[in-house]
Amino acid sequence: MYKDFKGPLKTYFDDASRSYLLSEHHHHMESIRSRNPDMHQYLVQADPTKWSQAYFNGRRYAIMTTNIAESLNSVDQKARLMPVGFLVEWLRGLLQRWFVERHEDPLKITSKLAPKAEKFIRTNFSLGLTVTPRPADQFEYAVTSNAGQIWIVDMSERTSTCRRFQVDQIPCPHAMAICNHRRIDTYNYCSNYYTKDYLYACYSSIVHPIGSAEGWDVPEEVRSQIVNPPNTKRGPGRPRVRRILSQGEEHEPIRCGRCNGYGHNRKTCTNSVPLRVRPTTRSQQSFTTPSS
1 MYKDFKGPLK TYFDDASRSY LLSEHHHHME SIRSRNPDMH QYLVQADPTK WSQAYFNGRR
61 YAIMTTNIAE SLNSVDQKAR LMPVGFLVEW LRGLLQRWFV ERHEDPLKIT SKLAPKAEKF
121 IRTNFSLGLT VTPRPADQFE YAVTSNAGQI WIVDMSERTS TCRRFQVDQI PCPHAMAICN
181 HRRIDTYNYC SNYYTKDYLY ACYSSIVHPI GSAEGWDVPE EVRSQIVNPP NTKRGPGRPR
241 VRRILSQGEE HEPIRCGRCN GYGHNRKTCT NSVPLRVRPT TRSQQSFTTP SS
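Sequential numbering from 1 applies to the sequence shown in UniProt numbering.
In structure tokens form, the structure reads like this:
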């Protein structure tokens, strides 16, 4: 979907997907609709709760992604052509190396949060110096900007009307201003998932190595089993290379780069396409002679 956006549409889509407020999201969606109604309809049907931050409530669950499969596919281009036994051992060694490297990286972190989260905190701290908090009670504040814009922040609920506090699970600039005003520890209002301890725990498991097959203690009932190859006939053509999609995944249809239609490509396209007249450039205009 993202690759279909070019020029101003790409900017409007970025703004619509990253906006925290529904009002801002709708504003950018209207900009898309005015330029390309078909693209606007496509985005609406694509369910904004899956791609728009304005509809994100800060929690995700029961969401199926293919990130792990795609990460492995990007590095096992040659190994996947090998026999299954070699492929499994290659993947085991790859995961063993990944877990060791990622388990040691958090030990080098000197801050309480992971580097990206720490950078986010510093940015919000600088922005928090430009606003002024005014308390309504111990936890609720009205934070005012120099332009007179007001945001309501509840420190006990960890919410802000800008929605950044509850969505990012990190104090927004308005909450940072309150932390500075009350001189309280900002890290107490950050999600534990941003801490280096949680990052360290993600790779605390061990992918154990496997010795040579000569040293394996294989039970006799397993040794006595004879495993024959499957009784199947090889189909015509080349073997399948792309992975089989899981249940729930949608296959992306082929789209023609000539007419933008679906179900065929540029080479097999037979649809008529209107002629595009290129605008005359300045260099071309300088060589044209005026008509008499």
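We put the beta carbon where it would ideally sit given N, CA and C, even for glycine. These numbers come from a predicted model, not from an experiment.
About 17 angstroms separates the beta carbon of residue 203 from that of residue 113, a gap too long to meet the 8 angstroms contact definition. Straight-line measurement puts the Cα of residue 75 at about 37 angstroms from the Cα of residue 29.
By the neighbour-count criterion, in which 16 or more other beta carbons inside 10 Å mark a residue as buried, residue 25 falls on the buried side. At a Cβ-Cβ threshold of 8 angstroms, residue 127 and residue 173 count as neighbours. Counting only the Cα atoms, residue 206 lies some 13 angstroms from residue 200. DSSP places residue 236 outside both helix and strand once states are collapsed to three, so it counts as coil. With a cutoff of 8 angstroms on beta-carbon distance, residue 189 and residue 240 are scored as not near each other. The beta carbon of residue 33 lies closer than 6 angstroms to those of 40 in the same chain, with the five residues before and after it left out.
Take residue 80, set aside five residues on each side of it, and the residues of its chain with a beta-carbon closer than 7 angstroms to its own are 87, in chain order. Cβ-Cβ distances below 8 angstroms link residue 191 to 169 and 170 in the same chain, with the five nearest sequence neighbours on each side left out; the list follows chain order.
Taking the Cα positions, residue 223 is about 33 angstroms away from residue 98.
Taking all protein chains in view, the Cβ of residue 133 is crowded by 16 or more other Cβ atoms within 10 Å, so the residue is classified as buried.
DSSP assignment within the segment 12-98 yields the following whole alpha helix (DSSP H) runs of 4 residues or more, N-terminal first: 22-35, 37-45 and 67-73.
Each of 18, 22 and 31 was checked against the Cα of residue 7, and the nearest Cα belongs to 31. By a beta-carbon distance limit of 8 angstroms, residue 121 does not contact residue 155. Their separation comes to about 16 angstroms. Secondary structure note for residue 157: it is in no alpha helix (DSSP H), with a DSSP letter that is neither H nor E. Taking the Cα positions, residue 109 is about 10 angstroms away from residue 197.
Secondary structure within the segment 94-153: the alpha helix (DSSP H) runs of 4 or more consecutive residues, fully enclosed, are 115-128 (chain order).
A Cβ-Cβ contact shorter than 8 angstroms links residue 130 with residue 145.
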